[in-house]
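Using the numbering used here, you'd call the opening residue of the sequence shown number 82 and step up by one each time. Glycine included, each C-beta is placed from N, C-alpha and C at the ideal position. Worksheet: the structure to be examined is printed underneath.
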Amino acid sequence: MEDWNNHILSTGGVDGCIVNNDVRVRSHIVETYHGHQQEICGLKWSDSGQQLASGGNDNLIHIWDRSAALANSRTQWLHRLKDHTAAVCALLWNKNERELLSSNRFTENQLTLSKYSSMAKMAELTGHTSRVLHIAQSSDGCTVAYASGDKTLKFRTPEVAKSAPKRPFT
Numbered sequence: 082m083e084d085w086n087n088h089i090l091s092t093g094g095v096d097g098c099i100v101n102n103d104v105r106v107r108s109h110i111v112e113t114y115h116g117h118q119q120e121i122c123g124l125k126w127s128d129s130g131q132q133l134a135s136g137g138n139d140n141l142i143h144i145w146d147r148s149a150a151l152a153n154s155r156t157q158w159l160h161r162l163k164d165h166t167a168a169v170c171a172l173l174w175n176k177n178e179r180e181l182l183s184s185n186r187f188t189e190n191q192l193t194l195s196k197y198s199s200m201a202k203m204a205e206l207t208g209h210t211s212r213v214l215h216i217a218q219s220s221d222g223c224t225v226a227y228a229s230g231d232k233t234l235k236f237r238t239p240e241v242a243k244s245a246p247k248r249p250f251t
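Structure, rendered in structure tokens:
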């Protein structure tokens, strides 16, 4: 699993570690994040390039802050979301809002929309009969596309279903 943040290539491994590599320099490893107990299944940098969301086979989402990582030798996640009941395999930061969209593998087949930084659940988007594998957002931020193992591609606006009960993840 990998994602780019300008010149930083972030990779997640089967050991649950995330490594940030600066591709401009010979000694390229600039940060290492430890927090997942199992394989990293999803990585996504926010548009600001400051927050990295990671999803794992351990059913967790971690939010890492790059500025905190640069200041500390021991990097700790900012948020740990334990509300998922299956591996988290796709992540997307909403371009127009401070929100994170995440998907579970297998059991629930829905997307969860959470408000950053409170991580309150804003909505759950359903409709697939198989796990959602990929999420993408249009360049203007007005449309989200998500593809599933049931061989369907769905399109929604990020504002859809924000009337879900708001409660923080625990």
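Opening and closing residue of the beta strand (DSSP E) in which residue i lies
i: K235; result: 234–237
i: G94; result: No beta strand (DSSP E) holds G94; DSSP gives it neither H nor E.
i: D146; result: 142–146
Reduced DSSP secondary structure (H/G/I, E/B, other) of residue i
i: R62; result: What the structure shows of the chain is the stretch from 82 to 251, and residue 62 is not part of that stretch, so it cannot be assessed.
i: A201; result: strand
i: A226; result: strand
i: S211; result: coil
i: S220; result: coil
i: S135; result: strand
i: A171; result: strand
Identity of the residues DSSP links to residue i by a beta bridge
i: D128; result: In DSSP, D128 forms no bridge with anything.
i: K196; result: E180
i: H117; result: DSSP output for H117 lists no bridge partner at all.
i: L90; result: W85, N102
i: N185; result: V169
Contact with chain B by residue i, beta-carbon distance below 7 Å
i: E180; result: You won't find chain B in this structure, because it holds only one protein chain.
Separation of residue j from residue i, as counted between CA atoms
i: S199; j: N175; result: 15 Å
i: C223; j: N140; result: 28 Å
i: L194; j: E83; result: 22 Å
i: R105; j: N86; result: 13 Å
i: A171; j: S184; result: 5 Å
i: E53; j: S220; result: What is shown of the chain runs 82 to 251, which leaves residue 53 out entirely.
i: R212; j: V111; result: 34 Å
i: Q118; j: G136; result: 11 Å
i: A149; j: S108; result: 21 Å
i: K202; j: N102; result: 32 Å
i: T207; j: G123; result: 20 Å
i: E189; j: I144; result: 22 Å
i: L234; j: L162; result: 27 Å
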